[in-house]
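In my numbering, the protein residues as written are 1365 to 1741.
Written out below as structure tokens is the structure these notes cover.
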Ligand code: OSB
Ligand code: MG
């Protein structure tokens, strides 16, 4: 039984080592919402809400998530006994539209609390099998192709097993061509457009077919499954959907319409682990490979992504870079590291999320906090 009696919300600010630019905006300091869930048994665990500062990736932001958790989500669980984290998902989801990242932060925290109560790792709790996961890097849009090549070559030398470059109109074909020419043959390379194109760009996008990309991620609009299907008919390169896949039904639609051939699963985007696992299982049945995306998480959110990526159908490297790629210093110990073969170890021998949060550092970085408790009855 999970029986939460308190949830602490905190906003911390963490400066990225370099600004991260995608087609819809740039981040140089991450505003991060951390949750600490307190179970009546005395067990505590941390979780992270992946929403950003601005509604450019989805409609959510850290501020809408804070409101949703305080006003609608936390009150549904606080003071109540819930049998499993899946049951917590159903309680959070019922008659509340959207707010997936807010729901996910609470629901995934319940998974970690349940894992602690069972003295198991998050990975084991989910049914993960791998003890190491393959890691890719997501490189933001750079000033010019030379800067991108330099960045990609450095990533290749670091051992990353997949290199993803962000693109947008005007910074696409030349950039990808330069990177492809600079990397050894056979390097797994892909591009992510974050919805920057329309179907009118199909001929232009088909120029990317010349570079043997393993996929192009989310070229068109979030709600554009039909147009993605049309674009996929016109491209050799497999389309991978990210923003579009917000629940199991959207993934079924993608498969039925042939809007894409690969899925990026971000647990935050789909409301947590329960749905992430369902999408994983659906894709496994349909022979659709999946990989775990990232949202520039701190070491707390990264723990949840690494555990998810240990499930069997995560057959492609995830956007799971080590702590040092993002931050001067992470908020967890040990920090997340990657070996020279681009693998990150899954902490399968540790209960719960598998890393310790540096509480003093979190305190020092906190700009606001709020305690949520069960309403007195
Ligand atoms: O589209 O995958 C994306 C970061 C913020 C918003 C959207 C995306 C990303 C990334 C970052 O690509 C991946 C990472 O966390 O390393
Ligand atoms: Mg993406």
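Where is the CB? At the ideal position from N, CA and C, for every residue including glycine.
Keep in mind the model is a prediction, meaning the values are calculated, not measured.
The ligand MG heavy atom lying under 6 Å from the CB of residue i
i: residue 1556; result: yes
i: residue 1424; result: no
i: residue 1606; result: yes
i: residue 1581; result: yes
Residue i beta carbon near the ligand OSB (any heavy atom closer than 6 Å)
i: residue 1660; result: yes
i: residue 1657; result: yes
i: residue 1685; result: yes
i: residue 1421; result: yes
i: residue 1483; result: no
i: residue 1502; result: yes
Host alpha helix (DSSP H) of residue i (start-end)
i: residue 1467; result: 1464-1481
i: residue 1450; result: 1449-1457
i: residue 1493; result: First-last for residue 1493: undefined, no H or E at that position.
Local conformation of residue i per DSSP, three classes
i: residue 1664; result: helix
i: residue 1487; result: helix
i: residue 1559; result: coil
i: residue 1386; result: strand
i: residue 1726; result: helix
i: residue 1499; result: strand
i: residue 1437; result: helix
i: residue 1720; result: strand
i: residue 1414; result: coil
i: residue 1522; result: helix
i: residue 1565; result: helix
i: residue 1371; result: strand
i: residue 1508; result: coil
i: residue 1513; result: helix
i: residue 1641; result: helix
i: residue 1432; result: helix
i: residue 1407; result: coil
i: residue 1399; result: strand
i: residue 1738; result: coil
i: residue 1380; result: strand
i: residue 1460; result: coil
Residue i, enclosing beta strand (DSSP E) - first and last residue
i: residue 1424; result: Unbroken run through residue 1424: none, as it is neither H nor E.
| Complete runs of the alpha helix (DSSP H) confined to the stretch 1527-1557 [at least 4 residues] | 1537-1546
Where are the beta strand (DSSP E) runs, 3 residues long or more, that stay fully inside the stretch 1647-1715, in chain order? Whole beta strand (DSSP E) segments, 3+ residues: 1654-1656 and 1707-1709.
Q. Can you list, in chain order, the stretches of the beta strand (DSSP E) that have 3 or more residues and sit fully within the stretch 1567-1633?
A. Within the stretch 1567-1633, the runs of beta strand (DSSP E) at least 3 residues long that lie entirely inside it are, in chain order, 1579-1581, 1603-1605 and 1626-1629.
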